[in-house]
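Chains as they are written, first to last, in the working numbering: chain W, 217 to 466; chain Y, 217 to 466. Below is one structure, written out as structure tokens; comments come after it.
Number of protein chains: 2
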Amino acid sequence: MAEPLILVTNDDGVYAPGLRALFDAVRSLGRAIIVAPERDKSAVSHSLTMNRPLRVRELEPDIHTLDGTPTDCVTIGMNKVLTRRPDLIVSGINPGVNLGDDISYSGTVSAAIEGTMYGVPSLAFSLAGESPFDFSTAAGIAWKLASMALTFGLPENTLLNINVPDKTAPEIKGIRFTRQGRRVYKNAIQETFDPWGRKHYWIGGGTVHWSGGNDTDEEVLRGGSVSVTPIQLDLTNHAGIDFLKKNWQM
Amino acid sequence: MAEPLILVTNDDGVYAPGLRALFDAVRSLGRAIIVAPERDKSAVSHSLTMNRPLRVRELEPDIHTLDGTPTDCVTIGMNKVLTRRPDLIVSGINPGVNLGDDISYSGTVSAAIEGTMYGVPSLAFSLAGESPFDFSTAAGIAWKLASMALTFGLPENTLLNINVPDKTAPEIKGIRFTRQGRRVYKNAIQETFDPWGRKHYWIGGGTVHWSGGNDTDEEVLRGGSVSVTPIQLDLTNHAGIDFLKKNWQM
């Protein structure tokens, strides 16, 4: 087998320490090439930039940046920067978790969704905790799971959403396969006023409640293990088709 | 039962004719209230604006707009504009289809995902064809399916992604429940140069191929029927967990 080719991206921008930690971690597994956004693109979800041209710049050998989103980075990275199809795409390491329903907002996860659409095994990495983040434990986990993905493969049309606890390597209890939990925000919109006294709303804050059970991403992470959730591209509720056929009297 | 309360939004902005067609269609089913973006927010996916405050303006009675994304409109509409929990959320009518894997880029569909996260039955409507669009047939379909959703309900944690063919009402062959198809783009990145001769990439164009079979959204729509795809919030590949437990020798 030729040396594996690994595309590395994120949503926090090319200068983010989590990206560099991931890059350094996977370089021992093959040739790693970064194509990452110039600036922080957190919470852009699966946005694709189609209303303007994008420019790729090579900052250092194997480190490229473009003025777009994580999804732009994957599609342009795969088609225009890399000279052949990559064997693996890794995204992150995001400073902060991507759990439950919130993954649909995540640029980190969206990059892995885009890679999976191209049929390339793709992993999204996020680290629990608060600033300042120490990415060293998560980088070790990333190395291990990237190695596993290269060796054993992934389920078809499926990416892995990986969340690492804010712990040292010896403190981590294990690596567990999980399902996506449900999150409920309470009072997550604040009210504020502009200098002219007009009311504005600011999304954020509030409290979060989780549900779903003890094999969900959130519970496993809180218990001190690494959570590995297989996420599929097919969003169809197949049982829902039966529900509709049976109940809707059209 | 009290008069149903229906939140109406889209991703093309408050002045889009497809939004007004949808608003007029569902007004006969209850009290309809628009909360829609000020400007075109196509392809913003499930973006949430958290880095600045948002301002809601009432343009006319029951027609509100805010300087954010479709997801912002649903969360602020539900929590700050409506005086009670809505019975239904409708998004669209988008000029242009939202099919297969592309729904993960769609602002129209993301608004319905956000509504579903709040536990409110949510429908996303898109119309096939090209500009100029005639929304009259799709508006009739929207009225019918919104009425069905209010009467018979939806599968749990599931929204409906609805695509209407570019046909007159008598030409439409029927309404069918479908699953999400797979799309593959070819050569969907163009190269261009800026005035200083530097190469840029522009995402778009190319050709699209579809796969998946004759019960997919794309095939059913192409055959002249309305496609109704139930889309679930849980993205976990549950069978994938078994694959990983069996195959990954950790």
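For each residue, glycine too, the CB sits at the ideal point set by N, CA and C. Being a predicted model, the structure only gives us computed values, none of them experimental.
Asked	Found
Can a CB atom of chain Y be found closer than 8 Å to the CB of Leu315(W)?	no
Indicate whether Thr324(W) and Asn373(W) have their beta-carbon atoms separated by less than 8 Å.	no
For Pro269(Y), would you say it is in contact with chain A, using Cβ-to-Cβ distances shorter than 8 Å as the test?	Absent here is chain A; the protein component of the structure consists of chains W and Y.
Whose C-alpha, out of Pro233(W), Ala455(W), Phe341(W) and Thr225(W), is nearest the C-alpha of Asp288(W)?	Thr225(W)
Enumerated in chain order, which unbroken segments of the beta strand (DSSP E) with a length of 3 residues or greater are wholly contained in the region 298-363 of chain W?	304-311 and 338-343
So Asn403(W) is in the alpha helix (DSSP H); what residue range does that whole segment cover?	It is not in any alpha helix (DSSP H) - Asn403(W) carries neither H nor E in the DSSP assignment.
Between Leu227(Y) and Ala385(W), what straight-line distance do the alpha-carbon atoms span, to the nearest angstrom?	The amino acid occupying residue 227(Y) in the given sequence is Asp; Leu does not appear at that position. Taking the straight line joining both Cα atoms gives about 45 Å.
Is the CB-CB distance between Ile405(Y) and Ile249(W) below 8 Å?	no
Can you give me the C-alpha to C-alpha distance between Pro220(W) and Val297(W), rounded to a whole angstrom?	16 Å
Per DSSP, which residues does Arg392(Y) bridge with? Please list them.	Ser443(Y)
Alpha carbon to alpha carbon, how far is Leu460(W) from Pro371(Y)?	8 Å
Just verifying my parser: in three-state terms, what is the DSSP assignment at Ala232(Y)?	coil
State yes or no: is the beta carbon of Phe341(W) nearer than 8 Å to at least one beta carbon in chain Y?	no
Below 8 Å between beta carbons: does that hold for Gly246(Y) and Asp283(Y)?	no
Could you tell me whether the Cβ of Ile447(W) comes closer than 8 Å to any Cβ of chain Y?	yes
For chain W, is any of its Cβ atoms less than 8 Å away from the one on Gly456(Y)?	yes
Checking contacts by CB at 8 Å: is Ser363(Y) closer than that to chain W?	no
CB Pro269(W) to CB Trp418(Y), shorter than 8 Å?	yes
Less than 8 Å between CB atoms is the rule here; does Asp450(W) satisfy it with respect to chain Y?	yes
Could you tell me the alpha carbon to alpha carbon distance between Gly312(W) and Asn377(W), rounded to whole angstroms?	13 Å
Which residue or residues does DSSP assign as beta-bridge partners of Leu270(W)?	Tyr417(Y)
Since Gly420(Y) meets chain W, which of its residues come closer than 7 Å, beta carbon to beta carbon?	Met266
Which bits of chain Y does His416(W) rub up against, with CB to CB less than 8 Å?	Pro269, Leu270 and Arg271
Would you identify the three-state DSSP class for Arg434(Y), choosing helix, strand or coil?	Strictly speaking, residue 434(Y) in this sequence is Glu, with Arg absent from that position. Helix at Glu434(Y).
Can you find a CB in chain W that lies within less than 8 Å of the CB of Ile309(Y)?	no
Residues of chain Y with a CB under 8 Å from the CB of Arg395(W): which are they?	Asp450, Thr452, His454 and Ile457
Using the Cα positions of Ile222(Y) and Thr281(Y), report the straight-line distance between them to the nearest angstrom.	16 Å
If we ignore side chains and look at the alpha-carbon of each, how far apart do Lys402(Y) and Gly397(W) end up?	35 Å
If we define contact as Cβ-Cβ less than 8 Å, is Pro233(W) a contact residue for chain Y?	no
Who are Trp426(W)'s beta bridge partners in DSSP?	Arg399(W)
Please confirm whether Met371(W) has its beta-carbon closer than 8 Å to some beta-carbon of chain Y.	Going by the sequence as given, residue 371(W) is Pro instead of Met. Pro371(W) counts as touching chain Y.
Identify whether Arg247(Y) lies in helix, strand or coil by the three-state DSSP scheme.	strand
Counting only C-beta atoms, is Phe368(Y) closer than 8 Å to chain W at any point?	yes
Is Leu361(W) near Asp433(W), with beta carbons less than 8 Å apart?	no
If you reduce the DSSP assignment to three classes, tell me which class Leu264(Y) lands in.	coil
Taking the DSSP output, what are the residues bridged to Glu276(W)?	Ile279(W)
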